[in-house]
Amino acid sequence: MRPNVVCAILFLCAGCVGHGQDAHEPGDRLGTFHATGTLSGDTCQASAILGETSSWAFDVQLSRDGSTLYWLNGEEAIPGTIAEDGESFAFQSGVEVTLQAAEGARPGCTVARSDVASGVLGSSTIDVASFTVNMSFAYSAEAGSVCSNWVGVAGGFASLPCTVSYNLTAMRTALPTAIAD
2 MRPNVVCAIL FLCAGCVGHG QDAHEPGDRL GTFHATGTLS GDTCQASAIL
52 GETSSWAFDV QLSRDGSTLY WLNGEEAIPG TIAEDGESFA FQSGVEVTLQ
102 AAEGARPGCT VARSDVASGV LGSSTIDVAS FTVNMSFAYS AEAGSVCSNW
152 VGVAGGFASL PCTVSYNLTA MRTALPTAIA D
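As structure tokens, then:
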């Protein structure tokens, strides 16, 4: 697979596009939010292949169950923690993608992406109208991988490991919907 296609998949796996909620979404629903923000850091220098731009916008749904905040990305409910103040939150997730499979004695290249977010909800109740969040995506070669073909070349990373970060603000665009019994 070409580096730009695979790396775009790596970036888009952040899964920030929301979807309709169902009974598998835990806690009290907070609604659908439209997030917009700007690139705040980039040591990957791979904007074309990661699909990153200087600005980013997406929709996401949130739910809350006690001190757990769920980031509902369309694929899964990613659990995070809400601090004692009821508003500060953090979560992390990740994904591994094989960019080049091992072949015979030649090792392959598998890149791990670690997603980390920290932010502040606009309210400590379930009536959250907005939030801010800092999100970063750290990329690194998995142990035993040889990724030199993907580093320092057109269509690849400037270096591995590397990180891409965004500062985002989100406003609620839809109230939570009830689950039909």
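Residue numbers (this note's numbering): 2 to 182.
Quick reminder that beta carbons are idealized off the backbone N, C-alpha and C, glycines included.
Just so we're clear, the structure is a prediction, and the values are computed from it rather than from any experiment.
C-alpha of residue 135 to C-alpha of residue 61: approximately 15 angstroms in a straight line. Here the alpha carbon of residue 162 sits roughly 31 angstroms from the alpha carbon of residue 88. For residue 150, the three-state secondary structure derived from DSSP is helix. It is roughly 19 angstroms from the alpha-carbon of residue 32 to the alpha-carbon of residue 38. With a threshold of 16 other beta carbon atoms within 10 Å, residue 128 falls short and is exposed.
Within the same chain, and ignoring the five residues on either side of residue 146 in sequence, the residues whose Cβ sits closer than 7 angstroms to its Cβ are 108, 109, 110, 111. The DSSP-derived three-state label of residue 176 is coil. Residue 133: member of the beta strand (DSSP E) spanning 131–142, first to last residue. 132 is the residue among 149, 28, 160, 132 whose C-alpha sits nearest the C-alpha of residue 170.
The Cβ atoms of residue 122 and residue 73 do not sit closer than 9 angstroms to each other. Collapsing the DSSP output to three states places residue 29 in a strand.
Across the structure, residue 124 and residue 30 are spaced so that their CA atoms are roughly 14 angstroms apart. Within the DSSP bridge table, the entry for residue 168 names 39, 135 as partners.
Going by DSSP, residue 80 is part of the beta strand (DSSP E) stretching over 78–83.
Taking a contact as a CB-CB distance under 8 angstroms, the pair residue 44 and residue 164 counts as one, their CB atoms being some 5 angstroms apart.
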